[in-house]
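Some notes on the structure that comes next.
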Amino acid sequence: MNKKQLLIITLGIMVNCITAIAQQRPNIVIIVSDDHAYQTISAYGSKLMQTPNIDRIAKEGVLFKKAYVTNSICGPSRAVILTGKYSHKNGFKDNEHPQFNGSQNTFIKELTKTGYQTSWIGKWHLGTQPQGFTYWQVLPEQGHYYNPDFIMMDGSRKKIDGYVANVIEDAAENWLNKRDASKPFCIVIGHKNTHRTWIPDTADMGRFDATTFPLPHNFYDRYTGRAAATVQDMSIEKTMQLGYDLKMFEGAIQDGNITRMNAAQRAKFDAYYQPIFNDYKKRGLSGNALTEWKYQRYMKDYLATAASLDRNIGRTLDYLDQHNLSKNTIVIYVSDQGFYMGEHGWFDKRFMYEESFRTPMVMRYPGVVKAGTVNQNMVMNLDIGPTVLAAAGQSVPADMQGKSFLPLLTNKNIKGRDAMYYHYYENTTHSVSPHFGISTGRYKLIRFYKRVESWELYDLKQDKNEVKNLYGQKGFEAITGKLKAQLQNLIKQYDDVEAQAIMQQKIPAKSS
Ligand code: CA
184 MNKKQLLIIT LGIMVNCITA IAQQRPNIVI IVSDDHAYQT ISAYGSKLMQ
234 TPNIDRIAKE GVLFKKAYVT NSICGPSRAV ILTGKYSHKN GFKDNEHPQF
284 NGSQNTFIKE LTKTGYQTSW IGKWHLGTQP QGFTYWQVLP EQGHYYNPDF
334 IMMDGSRKKI DGYVANVIED AAENWLNKRD ASKPFCIVIG HKNTHRTWIP
384 DTADMGRFDA TTFPLPHNFY DRYTGRAAAT VQDMSIEKTM QLGYDLKMFE
434 GAIQDGNITR MNAAQRAKFD AYYQPIFNDY KKRGLSGNAL TEWKYQRYMK
484 DYLATAASLD RNIGRTLDYL DQHNLSKNTI VIYVSDQGFY MGEHGWFDKR
534 FMYEESFRTP MVMRYPGVVK AGTVNQNMVM NLDIGPTVLA AAGQSVPADM
584 QGKSFLPLLT NKNIKGRDAM YYHYYENTTH SVSPHFGIST GRYKLIRFYK
634 RVESWELYDL KQDKNEVKNL YGQKGFEAIT GKLKAQLQNL IKQYDDVEAQ
684 AIMQQKIPAK SS
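Quick note, the sequence shown lines up with residues 184 to 695 if you use our numbering.
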């Protein structure tokens, strides 16, 4: 054997080794839903419906009891997941200015750089085109429940017949079938379900009609002592629309979500909703009776929409099983934020109160995370990117503000964060005042500004429904001072200049 032959053989062995190492790196599936409330997931103890497939991920991996978001709204949450940075650092603060700067770094770009096949398929909602993926196929803006259009990588539009959750799962499986199997992959499956206006798959219409859902304890909250909650416009009573939201249309239906259905879909839609409309008209409801009727319809439509989401998550898990991928694939299921299921009388999100601040998150990571783990650490959507990079054996860029939560799952001595920082900016639709704040798990301190200037303080142990604002009350001076100092530290740590300036301001005196 001459030197040249030896060199070729040596190089060949090296290439094989590198390929073997590359193959050992885990595949990653991140399923991001929209507005999916943990209160409706059986793994979180919900009695409202069964979600066997989300439950399966938790059972075979970990359920995060205290997963939270940094800014409870669709686009901004996705930007936080991608960048591992707070909204004031990634620049996508609200949906009023929906233009994500795609030239900035993301965990996806870090993975693509080291040879991962990366894709985002489904709801994207970041205004600009995805960058740094080897493939993408996204819904324009909110997308449609029926026969959705997609923006393809070449900029063209493609309408695909069917129900959106099924169509997105089909597209995800198509990409997985076609990918370069010699490389590890990271796919984000972005579901539109369970976003407003909760139009179920025809297969799920009526699924929950036999159930009368109990009203949440604080359904008739009157917001005493809470200025921001008083001025919001996201209540089932006043804001939820009978037509647009609940499909009770007077006269011929003009709503584009419905008129885009094909004849077969439309026939099933009409067959289900027309009798409900007729019954609704006959009842002539008003006042609390009407609000409670709306609540029941909301719950039925929302949960039926969630049923399709869970079923398609099951299809993803089945695909991994059938292709012998489950063992070396991390699966994370997370919603972009939580949602109100009638708590405080609301639907929608935005507030730093638990139902929208908190989000469902489960993860399966065979060989690393013990099946059936329940994690009680405070983790945030900010941490997903750093976690994925750590799992891939890559370093986390210094300017990412999240932290990998893997050590919390593998080492009992690691403590994790002792408080979480939150900042919500949008100040238009639904009239929720911008605010920032801190939660320690036990206490929550919130500073509202712009629309409403006020502080709120909650003791979550005594008042889990968050209806008693303790700020300024006798006996809470010490805890308030301590929380303000902690909040100040977090603002400094995350370099939130806008919040810093507001912290210096006194609440303006009310004009008479
Ligand atoms: Ca959302």
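Note that the Cβ used here is the ideal one computed from N, Cα and C, for glycine as well.
A quick note: this is a predicted structure, and the numbers were derived from the prediction, not measured.
Is the beta carbon of residue i sitting closer than 8 Å to the one on residue j?
{"i": "residue 524", "j": "residue 220", "result": "yes"}
{"i": "residue 229", "j": "residue 223", "result": "yes"}
{"i": "residue 452", "j": "residue 431", "result": "no"}
{"i": "residue 416", "j": "residue 380", "result": "no"}
{"i": "residue 255", "j": "residue 600", "result": "no"}
{"i": "residue 360", "j": "residue 344", "result": "no"}
{"i": "residue 556", "j": "residue 214", "result": "no"}
{"i": "residue 333", "j": "residue 419", "result": "no"}
{"i": "residue 253", "j": "residue 589", "result": "no"}
{"i": "residue 491", "j": "residue 387", "result": "yes"}
{"i": "residue 275", "j": "residue 258", "result": "yes"}
{"i": "residue 652", "j": "residue 409", "result": "yes"}
{"i": "residue 626", "j": "residue 592", "result": "no"}
{"i": "residue 558", "j": "residue 245", "result": "yes"}
{"i": "residue 681", "j": "residue 271", "result": "yes"}
{"i": "residue 489", "j": "residue 232", "result": "yes"}
{"i": "residue 696", "j": "residue 674", "result": "Residue 696 is absent from the structure shown; the chain starts at 184 and stops at 695."}
Looking only at its chain, what residues have a beta carbon closer than 6 Å to the beta carbon of residue i, apart from the 5 residues adjacent to it on each side?
{"i": "residue 411", "result": "616, 631 and 635"}
{"i": "residue 691", "result": "636"}
{"i": "residue 629", "result": "535, 618, 620 and 639"}
{"i": "residue 413", "result": "406"}
{"i": "residue 206", "result": "Because residue 206 sits at a pLDDT of 49, beneath the cut-off of 50, its placement in the model cannot be relied upon, and the following sentence gives the value as read from the coordinates. Contacts found: none."}
{"i": "residue 495", "result": "348 and 352"}
{"i": "residue 234", "result": "224, 225 and 493"}
{"i": "residue 263", "result": "253, 564 and 565"}
{"i": "residue 456", "result": "430"}
{"i": "residue 497", "result": "236"}
{"i": "residue 613", "result": "416, 417 and 531"}
{"i": "residue 218", "result": "377, 378 and 522"}
Please return the same chain residues whose Cβ sits closer than 8 Å to the Cβ of residue i, not counting the five positions on each side in sequence.
{"i": "residue 449", "result": "441"}
{"i": "residue 273", "result": "262, 263, 265, 266, 283, 284 and 287"}
{"i": "residue 510", "result": "549 and 550"}
{"i": "residue 340", "result": "323, 332, 333 and 334"}
{"i": "residue 503", "result": "212, 509, 512 and 514"}
{"i": "residue 633", "result": "610, 616 and 617"}
Counting C-beta neighbours from all protein chains within 10 Å, is the total for residue i 16 or more, i.e. buried, or is it exposed?
{"i": "residue 403", "result": "exposed"}
{"i": "residue 335", "result": "exposed"}
{"i": "residue 660", "result": "exposed"}
{"i": "residue 153", "result": "For the chain, the structure presents residues 184 to 695; residue 153 sits outside this window and is missing."}
{"i": "residue 464", "result": "exposed"}
{"i": "residue 357", "result": "exposed"}
{"i": "residue 373", "result": "buried"}
{"i": "residue 378", "result": "buried"}
{"i": "residue 395", "result": "exposed"}
{"i": "residue 320", "result": "buried"}
{"i": "residue 526", "result": "buried"}
{"i": "residue 547", "result": "buried"}
{"i": "residue 521", "result": "buried"}
{"i": "residue 209", "result": "buried"}
{"i": "residue 477", "result": "buried"}
{"i": "residue 480", "result": "buried"}
I'd like the list of long-range same chain contacts for residue i, defined as Cβ closer than 7 Å, with 5 residues on each side in sequence excluded.
{"i": "residue 326", "result": "306, 347 and 375"}
{"i": "residue 677", "result": "269, 584 and 604"}
{"i": "residue 130", "result": "This structure gives no information on residue 130, because the portion of the chain shown stretches from 184 to 695."}
{"i": "residue 148", "result": "Because the chain in this structure spans residues 184 to 695, residue 148 falls outside the shown range and cannot be described."}
{"i": "residue 579", "result": "569, 572, 573 and 587"}
{"i": "residue 354", "result": "304 and 320"}
{"i": "residue 350", "result": "331 and 343"}
{"i": "residue 279", "result": "609 and 611"}
{"i": "residue 389", "result": "455"}
Is it the case that the region 424–437 contacts the region 397–410, given that we only count it when at least three CB pairs across the two stretches are under 8 Å? As far as the Cβ criterion goes, the region 397–410 does not touch the region 424–437, which means the pair count is below three.
Across the region 637–656 and the region 298–306, are there enough close Cβ pairs to call them in contact, namely three or more that are closer than 8 Å? In the pairwise beta carbon analysis, the region 637–656 is classified as not touching the region 298–306: fewer than three pairs are separated by under 8 Å.
So within the region 282–360, which uninterrupted beta strand (DSSP E) runs reach at least 3 residues, ignoring any that extend past its ends? Segments of the beta strand (DSSP E) lying fully in the region 282–360: 300–306, 318–322, 332–335 and 340–342.
Across the region 526–545 and the region 508–516, are there enough close Cβ pairs to call them in contact, namely three or more that are closer than 8 Å? By the criterion of at least three beta-carbon pairs nearer than 8 Å, the region 526–545 is in contact with the region 508–516.
Three Cβ pairs or more, each shorter than 8 Å: is that satisfied between the region 604–613 and the region 313–321? Segments in contact, no.
Count the CB pairs spanning the region 276–292 and the region 236–253 that are closer than 8 Å, and state whether there are at least three. Because the criterion of three Cβ pairs below 8 Å is not met, the region 276–292 and the region 236–253 do not touch.
Which runs of the beta strand (DSSP E) fall wholly inside the region 567–653 and span at least 3 residues, in chain order? Correct list: 603–607, 618–622, 626–631 and 637–642.
Looking at C-beta atoms only, is the number of pairs between the region 262–281 and the region 581–595 that lie closer than 8 Å three or more? Counting C-beta pairs closer than 8 Å gives three or more between the region 262–281 and the region 581–595, which meets the contact rule.
Any chance you could list the beta strand (DSSP E) runs of at least 3 consecutive residues sitting entirely within the region 499–569, in chain order? For the region 499–569, whole beta strand (DSSP E) runs of length 3 or above, ordered along the chain, are 512–518, 544–547 and 556–558.
Entirely enclosed beta strand (DSSP E) segments - the region 389–442, minimum 3 residues: For the region 389–442, not a single whole beta strand (DSSP E) run of length 3 or above is found.
Touching by the beta-carbon criterion (3+ pairs, under 8 Å), the region 471–486 and the region 365–372: The region 471–486 vs the region 365–372: no contact.
3 or more residues per run - each beta strand (DSSP E) lying fully within the region 225–292: Qualifying beta strand (DSSP E) stretches, in chain order: 245–247.
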